[in-house]
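In this note's numbering, the protein residues as written are 10 to 245. Yeah, the Cβ is synthetic: ideal placement off N, Cα and C, and Gly gets one too. Below is one structure, written out as structure tokens; comments come after it.
This is how it looks when you write it as structure tokens:
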């Protein structure tokens, strides 16, 4: 009997995320219809995160892979291994809404790609304001960040060349390419919730303004390699 293909491949790039990976996989188990999905974890840290995954049965198909370090490379590797017609790119510290699969299915009836609104796991007013501004920016210019869990048809992903082999801004580069090609992006009203760990570690103001500066600099033509070299201590 031919095995049924998954409805969606959830691709998670990781690098030294031993403390978060099991919580992420457990969180996915609570998603409605998750048995119809496959989860592809791609480790760019020599396998250390994969070794930390608890050995137990999951309610979805779990695929684990190793790759060269680099979020773009890792996500490309995951997409190559994916079996579903739809790929969702998820950060390990970001949680999907419970009805995410149905929401994505509905969007892809009329669009070839989409993303969620961004929420943050914090009550701090400044961070909530920052996510509000990020959502307004994404809605206006249709360039969401990677932590907004964007998704697209796998065929389209490879048609536009996947993620560029650049150290940062690979998510922005992909969204810009989609926009250049006239791909309609379905922006969901529902939110994914991302951790505030980067802001707690670096400081709210510093991290927020650095992110804005990197985005603006890249869009104005600064090479991603030069930006990554300058801000390496903050983006590892």
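Count the other CB atoms, across all protein chains shown, that sit within 10 Å of the CB of residue i; report buried if there are 16 or more and exposed otherwise.
{"i": "residue 60", "result": "exposed"}
{"i": "residue 100", "result": "buried"}
{"i": "residue 209", "result": "exposed"}
{"i": "residue 145", "result": "exposed"}
{"i": "residue 18", "result": "buried"}
{"i": "residue 170", "result": "exposed"}
Please report the straight-line C-alpha distance between residue i and residue j, rounded to a whole angstrom.
{"i": "residue 118", "j": "residue 221", "result": "33 Å"}
{"i": "residue 81", "j": "residue 133", "result": "31 Å"}
{"i": "residue 74", "j": "residue 31", "result": "16 Å"}
{"i": "residue 212", "j": "residue 66", "result": "39 Å"}
{"i": "residue 217", "j": "residue 35", "result": "29 Å"}
{"i": "residue 15", "j": "residue 176", "result": "30 Å"}
{"i": "residue 86", "j": "residue 76", "result": "7 Å"}
{"i": "residue 231", "j": "residue 122", "result": "27 Å"}
{"i": "residue 39", "j": "residue 195", "result": "24 Å"}
{"i": "residue 149", "j": "residue 201", "result": "19 Å"}
{"i": "residue 128", "j": "residue 168", "result": "30 Å"}
Would you kindly report the start and end of the unbroken alpha helix (DSSP H) that includes residue i?
{"i": "residue 226", "result": "213-228"}
{"i": "residue 72", "result": "Taken as a continuous stretch (DSSP letters only), residue 72 belongs to no alpha helix (DSSP H), being part of the beta strand (DSSP E) at 70-75."}
Would you say residue i and residue j are within 9 Å of each other, going by their C-beta atoms?
{"i": "residue 96", "j": "residue 109", "result": "no"}
{"i": "residue 93", "j": "residue 69", "result": "no"}
{"i": "residue 182", "j": "residue 143", "result": "no"}
Among the options, which one has its Cα closest to the Cα of residue i?
{"i": "residue 158", "options": "167, 203 and 231", "result": "203"}
{"i": "residue 48", "options": "37, 153 and 215", "result": "37"}
{"i": "residue 23", "options": "98, 197 and 181", "result": "98"}
{"i": "residue 84", "options": "126, 151, 155 and 195", "result": "155"}
{"i": "residue 29", "options": "17, 19, 57 and 41", "result": "57"}
{"i": "residue 227", "options": "179, 190 and 112", "result": "179"}
{"i": "residue 126", "options": "68, 197 and 13", "result": "197"}
{"i": "residue 190", "options": "166, 237, 147 and 224", "result": "166"}
{"i": "residue 114", "options": "162, 91, 13 and 205", "result": "162"}
{"i": "residue 25", "options": "54, 13 and 130", "result": "54"}
From which residue to which residue does the beta strand (DSSP E) around residue i run?
{"i": "residue 23", "result": "17-23"}
{"i": "residue 231", "result": "Segment: none, residue 231 is in no beta strand (DSSP E) and carries neither H nor E."}
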